[in-house]
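Quick note, the sequences are listed as chains A and B, same order. Following the numbering used here from start to finish, the first sequence increments by one per residue and tops out at 322. Following the numbering used here from start to finish, the second sequence increments by one per residue and tops out at 318.
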Amino acid sequence: MDITFENVDYTYQKNTPFEHKALEDLSFHIKSGSFVAIVGHTGSGKSTLISHLNGLSIPTDGKVKVGDYLLTNDRKPSDMKELRSKVGVVFQYPEHQLFEETIEKDIAFGPENFGVPESEIKDRILKAMSAVGLSESLLDRSPFDLSGGQMRRVAIAGVLAIKPDTLVLDEPTAGLDPRGQKEIMDMFYRLHHEQNLTTVLVTHSMEDALKYANHVIILNKGKKYLEGTPEEVFVQKDALKQVQLDVPEVVQFITSFNKKFKTTTPFSNQSINQLAKQIKQVLIGDELE
Amino acid sequence: MNNSLIIGQYVPGDSIVHRLDPRTKITIIFFFVFIVFFANNLPSYSILVVFALASMFTSKVPIRFVLKGLTPVWFLIIFTFLLHLFVTKEGTLVFDFWIFKFYSGGIFQGIAISIRFFLLILVTSLLTLTTTPIEITDAIEDMLNPLKKVKFPVHELALMMSISLRFIPTLMQETDKISRAQASRGVDFRTGPIKDRVKAVIPLLVPLFVSAFKRAEELAMAMEARGYQGGEGRSKLRELKIEKMDIFVYLIFIVVIILLFLTRTYG
Chain A
34 MDITFENVDY TYQKNTPFEH KALEDLSFHI KSGSFVAIVG HTGSGKSTLI SHLNGLSIPT
94 DGKVKVGDYL LTNDRKPSDM KELRSKVGVV FQYPEHQLFE ETIEKDIAFG PENFGVPESE
154 IKDRILKAMS AVGLSESLLD RSPFDLSGGQ MRRVAIAGVL AIKPDTLVLD EPTAGLDPRG
214 QKEIMDMFYR LHHEQNLTTV LVTHSMEDAL KYANHVIILN KGKKYLEGTP EEVFVQKDAL
274 KQVQLDVPEV VQFITSFNKK FKTTTPFSNQ SINQLAKQIK QVLIGDELE
Chain B
52 MNNSLIIGQY VPGDSIVHRL DPRTKITIIF FFVFIVFFAN NLPSYSILVV FALASMFTSK
112 VPIRFVLKGL TPVWFLIIFT FLLHLFVTKE GTLVFDFWIF KFYSGGIFQG IAISIRFFLL
172 ILVTSLLTLT TTPIEITDAI EDMLNPLKKV KFPVHELALM MSISLRFIPT LMQETDKISR
232 AQASRGVDFR TGPIKDRVKA VIPLLVPLFV SAFKRAEELA MAMEARGYQG GEGRSKLREL
292 KIEKMDIFVY LIFIVVIILL FLTRTYG
């Protein structure tokens, strides 16, 4: 689904002494089918932004358009539930939302709420479980018996079983071990392509943003700070430093490599293999001279 | 995300009433609640009203906060007043119309009871308005200290109180987070038949309890890791201290009591 923000303001507790502007004059457009990373320092408004994507928050001012659903301060869509069935949100530490007696029931919770017929739910549960890499033998186990990493997979399966068109991920790998992080992110990346999803990833990790996203939005203090393709955004070292963000390691490496060998190897989000070839060219070229 | 929730109804300030030792405030209020019932004529009631209003004005708490504390009991005050008006048949008949027969005794008692209610609520809400929950907990711990002799777990009780107060905002945030997550999975907490809405609470309560237990366990572990072993020999960060002002306030209060017993009618 296409997502458009037009001059969105969001103020917590308006007209009280606790008033706090979380989003200010925010405008951007996310094309259907793209993988967008939203990056920002703590308190930059990332979480507030995503709560607008499925109508948990309504902009104080401005317009949010998600697919055909328009959210403005004076007009909520009457079919909010439908919007929520199309935008699946994986919150931070999603395992905290588990509550059912068995894993099967917990994954079925979302589809049941959205009125998916019983016969289809079973099928969805199995598909969601295999997508997140959980074995079917766990169906009747209590989610609270699992390890933290597995609980997270159950929670993610619970969102996937809703079969959303748009998947919103709020730091989905926080607190996992490195291998689990990679597995989960690779899984989301695969699903993104297989099911033609629109994916919005909120993250601290520049590496993840670089690796998976084709569009990056950097937020700072509720405002859009930078926007563009990873190749455009991640080379702006000074601008990123201003908002306490680092450039990804690859970019750092290329910069210092270029400095040391006085070359101009460009950063084009190349894979490690491609980069190795470029480096070989530079070095062997030197040898031949 | 509602961080503005004020626990209790503490209104920060720096007045004399705010700075009084919480034990002083609790003691005075405790006795005030008793002596309110000894007042029985106009002068004695006036003394109490003057004392209560004077405390309120020195606290500099905006009157609307004090009145807010009264809202839940307005009904009770009016009800008892009317009850006295209609039922008490003492004194002279001052109003007689159809079935309404009001006697002077009834009117006086109605007013007296309403004033009692008003005074009780005014002074007790003044305590919570000018004292932080932590101060109240500290004071209670200190005042219950003598009970330690009979093996009453005073320190543990105070610790339980302060931990519960500390975790109210945390649990509120947690509730907000979980309800958002479940709303995203299609739970509707706001509309629909009552039966459905009650059922919608389960996906909220179970995770909330799970996380509360987890937090409790973590907290216990952290406390043990930092060498906590109960109240024995533990020093305090906030020392309670009786200042000159406390003694002065006690003296004023004793004068009030004496005046009250001089002015009330006996027999």
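Even for Gly, the Cβ is constructed at its ideal location relative to N, Cα and C.
First through last residue of the alpha helix (DSSP H) which encompasses residue i
| i | result |
| --- | --- |
| residue 222(A) | 211–227 |
| residue 288(B) | Premise fails: residue 288(B) is in no alpha helix (DSSP H) and is neither H nor E. |
| residue 241(A) | 239–245 |
| residue 266(A) | 263–266 |
| residue 68(B) | 67–70 |
| residue 99(B) | 93–110 |
| residue 120(B) | 114–121 |
| residue 184(B) | 184–195 |
| residue 130(A) | Run containing residue 130(A): none; DSSP gives neither H nor E here. |
Proximal chain B residues relative to residue i, where beta-carbon distance stays under 8 Å
| i | result |
| --- | --- |
| residue 130(A) | 229, 232, 233, 236, 254 and 258 |
| residue 191(A) | 236 |
| residue 122(A) | 232 and 235 |
| residue 195(A) | 236 and 237 |
| residue 84(A) | 231 |
Proximity winner among the options, relative to residue i (alpha-carbon distances)
| i | options | result |
| --- | --- | --- |
| residue 270(A) | 294(A), 300(A), 248(A) and 167(A) | 300(A) |
| residue 71(B) | 309(B), 178(B) and 268(B) | 178(B) |
| residue 211(A) | 199(A), 182(A), 191(A) and 190(A) | 182(A) |
| residue 87(A) | 44(A), 37(A), 54(A) and 308(A) | 37(A) |
| residue 224(B) | 259(B), 201(B), 193(B) and 243(B) | 259(B) |
| residue 108(A) | 119(A), 90(A) and 118(A) | 90(A) |
| residue 202(B) | 118(B), 283(B) and 107(B) | 283(B) |
| residue 236(B) | 174(A), 250(A), 123(A) and 47(A) | 123(A) |
| residue 275(A) | 289(A), 254(A) and 292(A) | 254(A) |
Alpha carbon of residue i to alpha carbon of residue j, nearest angstrom
| i | j | result |
| --- | --- | --- |
| residue 274(B) | residue 222(B) | 20 Å |
| residue 58(B) | residue 215(B) | Unreliable positioning characterises residue 58(B) in this predicted model, as indicated by a pLDDT of 44, which lies under 50. A coordinate reading is not provided. |
| residue 41(A) | residue 262(B) | 34 Å |
| residue 87(B) | residue 136(B) | 21 Å |
| residue 304(B) | residue 73(B) | 15 Å |
| residue 311(A) | residue 207(A) | 34 Å |
| residue 323(A) | residue 222(A) | No answer is possible for residue 323(A): the residues shown for chain A start at 34 and end at 322. |
| residue 94(B) | residue 316(B) | 10 Å |
| residue 95(A) | residue 63(A) | 17 Å |
| residue 63(B) | residue 115(B) | 15 Å |
| residue 193(B) | residue 125(A) | 42 Å |
| residue 243(A) | residue 120(B) | 56 Å |
| residue 209(B) | residue 184(B) | 11 Å |
| residue 164(A) | residue 117(A) | 21 Å |
| residue 140(A) | residue 227(A) | 21 Å |
| residue 264(B) | residue 293(A) | 55 Å |
| residue 310(B) | residue 158(B) | 25 Å |
Beta-carbon neighbours of residue i, restricted to chain A and to distances below 9 Å
| i | result |
| --- | --- |
| residue 261(B) | 129, 131, 132 and 177 |
Endpoints, beta strand (DSSP E) assigned at residue i
| i | result |
| --- | --- |
| residue 58(A) | 53–63 |
| residue 38(A) | 36–45 |
| residue 84(B) | Per DSSP, residue 84(B) belongs to no beta strand (DSSP E); it is in the alpha helix (DSSP H), 73–86. |
| residue 203(A) | 199–203 |
| residue 146(A) | Element bounds for residue 146(A): not the beta strand (DSSP E) but the alpha helix (DSSP H), 136–146. |
| residue 252(A) | 248–253 |
Three-way DSSP call (helix, strand, coil) for residue i in this model
| i | result |
| --- | --- |
| residue 280(A) | coil |
| residue 70(A) | strand |
| residue 301(B) | helix |
| residue 203(B) | coil |
| residue 147(B) | strand |
| residue 232(A) | strand |
| residue 182(A) | helix |
| residue 58(B) | Model confidence at residue 58(B) stands at a pLDDT of 44, short of 50, so the residue's coordinates are unreliable and nothing is read from them. |
| residue 258(A) | strand |
| residue 103(A) | strand |
| residue 300(A) | coil |
| residue 78(A) | coil |
| residue 277(B) | coil |
| residue 127(B) | helix |
| residue 53(B) | Because the pLDDT of residue 53(B) is 38, which lies under 50, any placement of that residue in the model is unreliable, and the number read from its coordinates should be weighed accordingly. The answer is coil: DSSP assigns residue 53(B) none of H, G, I, E or B. |
| residue 64(B) | coil |
| residue 122(A) | strand |
| residue 95(A) | strand |
| residue 228(B) | helix |
| residue 153(B) | strand |
| residue 236(B) | coil |
| residue 108(A) | strand |
| residue 173(A) | coil |
| residue 317(A) | helix |
Closer than 8 Å to chain D by CB, residue i
| i | result |
| --- | --- |
| residue 239(B) | Protein chains in the displayed structure are A and B, and chain D is not among them. |
Per-residue contacts from residue i into chain B (C-beta, under 7 Å)
| i | result |
| --- | --- |
| residue 146(A) | 236, 237 and 238 |
| residue 23(A) | Residue 23(A) cannot be examined here, being either before or after the span of chain A that is shown, 34 to 322. |
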